[in-house]
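Undergrad: Numbering (this note's numbering), first residue to last: 11 to 406.
Below is a structure I'd like to ask you about.
If you want it as structure tokens, here you go:
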């Protein structure tokens, strides 16, 4: 596709951890120990890096030297669906077009590393997250319901021999041939291609990458037996087998009510899975080639809403994200919010900047134009007027 590659890129894969609902930056990665009115009961703890984080993330604190915390994220989208759309596409939603998800961009621009496996897989997410938009079905994500169930309906029924399976495929091909010859549309061709890919995967040992039950119980327990933990374990298995982009969602961060109890519960799951994932990738020699990100659509208000049992509302003006591996220099914090965590005080990072940084890690030119079928120009880093700039200073 004439992709322009960026020099110095180290990442070959991305694991995108989506904190759906709007993760509170003040109670996770941007604590304000000197401002109790804003901070509430949450204490700050030291990390192995040059920054502090919330007491709710003790295991993550131990791997602080392997990650970069960005405390100056900012957006103008304060609604969930629009915010998630922007986070995944660098564009706000429009009625006339569906923009490609970032995973689709990565697969289109980098290509599939393992041609038997999908290039883009999602777990615990809505189908909209994996949409290829105008790129076409071949670049879309494969959505999985439960990570512990693997890729459903992907193995040959035990009662069907391999010989019978091949005969049935031949009959299906013969029945389809006339239709395919009569209707040579992009949709029909895309269906044929996906059908062939599915058959190839069913007959390959690579299908085992989707089966986390092949991991020892001790490893499964280390990640956590919840859906997010098992999703992170699946992500590690998939990138280990050559999948380019894996997204795992961890929702429930919309803490309008009872913020501190809910954030503590959400953070406990995140803490266990994320710290284990980064440590496991590092131990296996995969961290340098795998960019792991924690992202969310917006943060939460500094104001604690007492009448909502200490809740926090939507706050897109300032929030946090995390990057680890993929050439990122660990142990650092980038950007700052003001003393109340309400506004960015230093080095603002837009969603477009964030996605451009993911592209930079992979060697993808975030500003390269890809045209839609109608000839409209689009970029990984967003529209020309809002074009993101990669945060090159956080790379080692």
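Beta carbons are placed, not taken as given, at the ideal position from N, Cα and C, and that holds for glycine.
Only a predicted model underlies this, so the values are computations on that prediction, with no experimental measurement involved.
Give me whichever residues DSSP pairs with residue 56 in a beta bridge.
TA: Answer is 62, bridged to residue 56.
Undergrad: For the structure I just gave you, are there three or more beta carbon pairs, one from the region 352 to 371 and one from the region 332 to 339, closer than 8 Å?
TA: Counting Cβ pairs under 8 Å, three or more are found: they touch.
Undergrad: Just confirm the distance between the C-beta atoms of residue 94 and residue 307, as a whole number of angstroms; I'd bet it's less than 8 Å.
TA: Residue 94 to residue 307, Cβ: 5 Å. Contact.
Undergrad: Taking the DSSP output, what are the residues bridged to residue 342?
TA: Answer is 78.
Undergrad: Quick one: grab the DSSP three-state call for residue 122.
TA: In the structure shown, residue 122 sits in coil (DSSP, three-state: anything other than H, G, I, E or B).
Undergrad: What first and last residue would you give for the alpha helix (DSSP H) that runs through residue 272?
TA: Start and end: 269 to 293.
Undergrad: Residue 255 lies in the beta strand (DSSP E); which residues open and close that run?
TA: Taken as a continuous stretch (DSSP letters only), the beta strand (DSSP E) holding residue 255 covers 255 to 259.
Undergrad: Alpha carbon to alpha carbon, how far is residue 21 from residue 293? Give it in angstroms, no decimals.
TA: Between residue 293 and residue 21, the C-alpha separation is close to 16 Å.
Undergrad: Check whether the region 49 to 58 and the region 30 to 41 touch, using three or more Cβ-Cβ pairs below 8 Å as the test.
TA: The answer is yes - the region 30 to 41 touches the region 49 to 58, with three or more Cβ pairs under 8 Å.
Undergrad: Do residue 231 and residue 158 have their beta-carbon atoms positioned less than 9 Å apart in this structure?
TA: No, the Cβ-Cβ distance between residue 158 and residue 231 is not below 9 Å.
Undergrad: Should residue 75 be labelled buried (16 or more other beta-carbon atoms within 10 Å of its own) or exposed?
TA: It counts as exposed.
Undergrad: Tell whether a beta-carbon distance below 9 Å holds between residue 255 and residue 131.
TA: A contact, by the Cβ cut-off of 9 Å.
Undergrad: Where do the ends of the beta strand (DSSP E) carrying residue 407 lie?
TA: Any answer about residue 407 is impossible in this case: the structure gives the chain only from 11 up to 406.
Undergrad: Please determine, among 334, 120, 100 and 226, the residue with the shortest C-alpha to C-alpha distance to residue 361.
TA: When each option's Cα is compared against that of residue 361, the closest is 100.
Undergrad: Distance, Cα to Cα, residue 115 vs residue 291?
TA: Rounded to the nearest angstrom, the two C-alpha atoms are 24 Å apart.
Undergrad: Could you give the distance in angstroms between the alpha-carbon of residue 15 and the alpha-carbon of residue 376?
TA: Low per-residue confidence applies at residue 15: pLDDT is 49, beneath 50, and the placement is therefore not dependable, though the value from the model is reported in the following sentence. About 10 Å.
Undergrad: Give the secondary structure of residue 369 by DSSP, where H, G and I count as helix, E and B as strand, and everything else as coil.
TA: DSSP places residue 369 in helix when its eight states are reduced to three.
Undergrad: Rounded to a whole number of angstroms, what is the C-alpha to C-alpha distance between residue 112 and residue 91?
TA: Looking at the two C-alpha atoms, the distance is approximately 16 Å.
Undergrad: How would you label residue 281, buried or exposed, when you count the other beta carbons within 10 angstroms and need 16 or more for buried?
TA: Per the 10 Å Cβ criterion, buried.
Undergrad: Just to confirm, are residue 152 and residue 330 a CB contact at a threshold of 9 Å?
TA: The answer is no: Cβ separation not under 9 Å.
Undergrad: Classify residue 227: buried if its beta carbon has 16 or more other beta carbons within 10 angstroms, exposed otherwise.
TA: Burial call: exposed.
Undergrad: Can you say whether residue 63 is buried or exposed, counting buried as having 16 or more other CB atoms within 10 angstroms of its CB?
TA: Label assigned to residue 63: buried.
Undergrad: DSSP has residue 131 in a bridge; who is on the other side?
TA: Per DSSP, 152 and 256.
Undergrad: Following the continuous alpha helix (DSSP H) through residue 145, name the residue where it begins and the one where it ends.
TA: Note, residue 145: premise wrong, no alpha helix (DSSP H); not H, not E.
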